[in-house]
Amino acid sequence: MPISFDFMRSVLVVCFLFCSSTIYASGISEWLMRVETAPERLSYTGSFLYEHDGEMESMRVVHRVRNNQFKERLYSLTGSAREIIRDDNSVWCYIPDKQVGVHEYRQSSRNTFLQIRGEQISKLDKYYSLELGELSRVADRQARIISIMPRDDYRYGYELWVDTETGLLLRSDLKDRSGVTIERYMFVEISIGTEISDAELEPMTDQNSLSWFGMDMPKSRSSDGESAMLWDSETLPAGFKLSYSVNRRSVMEDGLVEHHVYSDGLSSVSLFVKNRADGKTLTTGVSRMGAVSAYSTNVDGFDVTVVGEVPESTVSIIATGVARIN
797 MPISFDFMRS VLVVCFLFCS STIYASGISE WLMRVETAPE RLSYTGSFLY EHDGEMESMR
857 VVHRVRNNQF KERLYSLTGS AREIIRDDNS VWCYIPDKQV GVHEYRQSSR NTFLQIRGEQ
917 ISKLDKYYSL ELGELSRVAD RQARIISIMP RDDYRYGYEL WVDTETGLLL RSDLKDRSGV
977 TIERYMFVEI SIGTEISDAE LEPMTDQNSL SWFGMDMPKS RSSDGESAML WDSETLPAGF
1037 KLSYSVNRRS VMEDGLVEHH VYSDGLSSVS LFVKNRADGK TLTTGVSRMG AVSAYSTNVD
1097 GFDVTVVGEV PESTVSIIAT GVARIN
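Everything in the sequence shown is counted per the numbering used here, starting at 797 for the first residue and increasing by one.
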């Protein structure tokens, strides 16, 4: 029986749509890989706006990559003076108006605005709707817009403006499922590839003028009882997996804090568990500040806190599933 022209046309249309969508998805993955790796290759300085809770702050970042090592200084230009200095292993927070400093030994994402886990990029479309958008401009540079919207109520979405030349993220809008912007980072001026001196990465605040907390090296996973991981959540939303675990010294008081990070490749949630030595119990409930949701409760005399840039339902379901594993 001869094959009709209409049948052949239908087959060609289906093939075209399938192939086009495959190439389209692959293109978005390549763009996201560029976003992830750009801060590992490039030095830059710039000023950006941070909008949240109806407020706007102006900040400056100095980011240097040298000998495959990075160091970054982030400091406020408006409001209370504060600055953060990060490298591959540590984070220093300077809060001079409170006369407080915090120093933690921990690995940091090299991306200032967004942490993307490369090994999970190919699986993002299970939990997010990905769309490659039009060209635009941010900080007088050409940018490609990428829309990443959640398929469920357990994560937020993003609209990203990616520098077409370098892959650096120039703007990031965090959105809820209905498309309302919750938080925004946006460069207003940026210089890429410039030489950065050691002096530009030094804090303005005198370190000796602050009271410092969290100076001890954290305890890593090991076979001894003190450092073993004792807790986990049995109710992770689909797509979230354990990313890493560590025991670290409590920042503001004595004692170890067990810290787990769960991620779906884009959104991350932290679980903190600490023994309550004074016998008091933590007030159970959910709270929110801007894009950050937190859920606190008490399990068998231990304080349990789950926090992350995710909806309240996500921290709630993870926290209520926390239990001993040993």
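Glycine residues also receive a C-beta, built at the ideal position from the N, C-alpha and C atoms. This structure is a prediction, so every number in the text was calculated from the model and none was measured.
Exercise. What does a CB cutoff of less than 6 Å around D1028 pick up in its chain, not counting 5 residues either side in sequence?
Worked result: Closer than 6 Å at Cβ, skipping near neighbours: I1121.
Exercise. Between which two residues does the alpha helix (DSSP H) harbouring S825 extend?
Worked result: It spans 801-837 - the alpha helix (DSSP H) in which S825 sits, taken as one unbroken run.
Exercise. If you draw a straight line from the alpha carbon of T1116 to that of V1103, how long is it in whole angstroms?
Worked result: When rounded, the distance between both Cα atoms is 13 Å.
Problem set entry | Beta-carbon spacing of R1044, H1055 below 8 Å | The Cβ-Cβ distance between R1044 and H1055 falls below 8 Å.
For this session: Keeping to the same chain, check which residues put their C-beta closer than 6 Å to that of V861; ignore five residues upstream and five downstream.
Result: Take V861, set aside five residues on each side of it, and the residues of its chain with a beta-carbon closer than 6 Å to its own are S839, in chain order.
Exercise. Leaving out five residues before and five after W827 in sequence, what residues of the same chain have Cβ atoms less than 8 Å from its Cβ?
Worked result: The residues L928, R940, I942, V958, G963, in chain order, have a CB closer than 8 Å to that of W827 in the same chain once the five nearest residues on each side in sequence are set aside.
For this session: Provide the residue(s) that pair with S1109 in DSSP beta bridges, ordered along the chain.
Result: Answer is none; S1109 lacks a bridge partner.
For this session: Spatial neighbours of L926 within its chain, please: CB distance less than 6 Å, with the 5 preceding and 5 following residues excluded, ordered by chain position.
Result: By the criterion of a C-beta distance shorter than 6 Å, L926 is surrounded in its chain by I824, I944, once the five residues flanking it on both sides are discounted.
For this session: Would you mind giving the Cβ-Cβ distance between R951 and S1063, rounded to the nearest angstrom? I have them listed as a contact below 8 Å.
Result: Contact between R951 and S1063 is confirmed by a C-beta separation of about 4 Å, below the 8 Å threshold.
Exercise. Which of helix, strand or coil does DSSP assign to P1033?
Worked result: Three-state DSSP puts P1033 in coil, outside helix and strand.
For this session: Provide the residue(s) that pair with L965 in DSSP beta bridges, ordered along the chain.
Result: V958, per the DSSP bridge assignment.
Problem set entry | Segment limits, beta strand (DSSP E) that includes G842 | It spans 840-848 - the beta strand (DSSP E) in which G842 sits, taken as one unbroken run.
Problem set entry | Inter-residue spacing [alpha-carbon to alpha-carbon] between R869 and I881 | Distance between the alpha carbons of R869 and I881 is about 4 Å.
For this session: Tell me, please, whether the stretch 988-1000 touches the stretch 1097-1113 by the rule of three or more beta-carbon pairs shorter than 8 Å.
Result: Verdict: no, contact absent.
Exercise. Are the beta-carbon atoms of T1080 and T1101 separated by less than 8 Å?
Worked result: It is not a contact, given that the beta carbons lie outside the stated cut-off.
Problem set entry | Rounded straight-line distance, which links the Cα of F1009 to that of A1119 | So the alpha carbons of these two residues sit roughly 29 Å apart.
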